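One structure is given here, and the rest of the page talks about it.
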Amino acid sequence: MPLYQQIIVCLPGYDKSGLVKLFRKHAKLIQKSGGVVRAIEHNGVRPLPERARRKYPTREGERYFWEARYVSTFFDANPRTLVDIGRMLRTEDGILRFFTLKRPTAKDRVASKNYRNPFKESVESGSKASSIEELD
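Our numbering applies: residue 104 is where the sequence shown begins, and numbers increase by one.
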C-alpha cells in the first residue's frame, strides 16, 4: 500500500471535539480498509495565501476566510480508500479544502529513470582507487 500525506484545511473556529470526531472517523475508515494511520499532525491556525470562499456560509454567516486551521495526516491505504475519504471530507461542514499527496518511497526513487547512483558514477569516472594496492 502506498504512503499518502493528506493536508486538510479546516475552519479556524472549528472546535476541538469536532476535530477529534472527524479524525477518529478518518482513522476508522482507513483501518477498516486494511490501512495504517502513521501520524496526525496539528499545524495550528495560519494565514491563507489568498482568501478562501466556502460554497455555503457558516451558521454565523461567514463565507470568506483569511485564516484556516491546518492538519496533516500520514497513512498507508489502498488507492480505492481515497475515494471514500474524499467523499467523507466533502460532506463535513468544517472543512475548507483538502489535498492528497502520494509520498515517494526509496523503491520509487531508485526505479525512476532520472535516479543517479552517486557511488556508481564515482567508480566509473575513475576518481576513486580501484584496488587496495593503489592506496599505498
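Backbone N, C-alpha and C define an ideal beta-carbon position, used for all residues, glycine too.
Nothing here was measured: the structure is a model prediction, and the numbers come from that model.
Quick check on residue i: buried or exposed, where buried means 16 or more other Cβ atoms within 10 Å of its Cβ?
i: residue 107; result: buried
i: residue 123; result: exposed
i: residue 202; result: exposed
i: residue 112; result: buried
i: residue 145; result: exposed
Just to check my reading of the structure: residue i and residue j have Cβ atoms closer than 8 Å, yes? What is that Cβ distance to the nearest angstrom?
i: residue 173; j: residue 138; result: Incorrect: roughly 22 Å between the Cβ atoms, too far for contact.
i: residue 178; j: residue 140; result: 5 Å
Please go through the same chain and pick out, in chain order, the residues whose beta-carbon is closer than 6 Å to the beta-carbon of residue i, but skip the five residues on each side of it.
i: residue 116; result: none
i: residue 176; result: 109 and 143
i: residue 126; result: 143
For the alpha helix (DSSP H) containing residue i, name the first residue and the last one.
i: residue 114; result: Note, residue 114: premise wrong, no alpha helix (DSSP H); not H, not E.
i: residue 120; result: 119–135
Just to confirm the assignment, what range does the beta strand (DSSP E) spanning residue i have?
i: residue 203; result: 198–206
i: residue 175; result: 167–179
Less than 7 Å between CB atoms is the rule here; does residue i satisfy it with respect to chain C?
i: residue 144; result: Note that chain C does not occur in the displayed structure, where there is just one protein chain.
Whose C-beta lies closer than 8 Å to the C-beta of residue i among residues of the same chain, with five residues either side of it excluded?
i: residue 170; result: 115, 148, 149, 150 and 151
Apart from the five residues on each side of it in sequence, which residues of its chain come closer than 7 Å, Cβ to Cβ, to residue i?
i: residue 205; result: 105 and 107
i: residue 157; result: 166 and 199
### Message
For a minimum of 3 consecutive residues, which ranges assigned as the beta strand (DSSP E) are wholly contained in the region 138–165?
### Response
139–156
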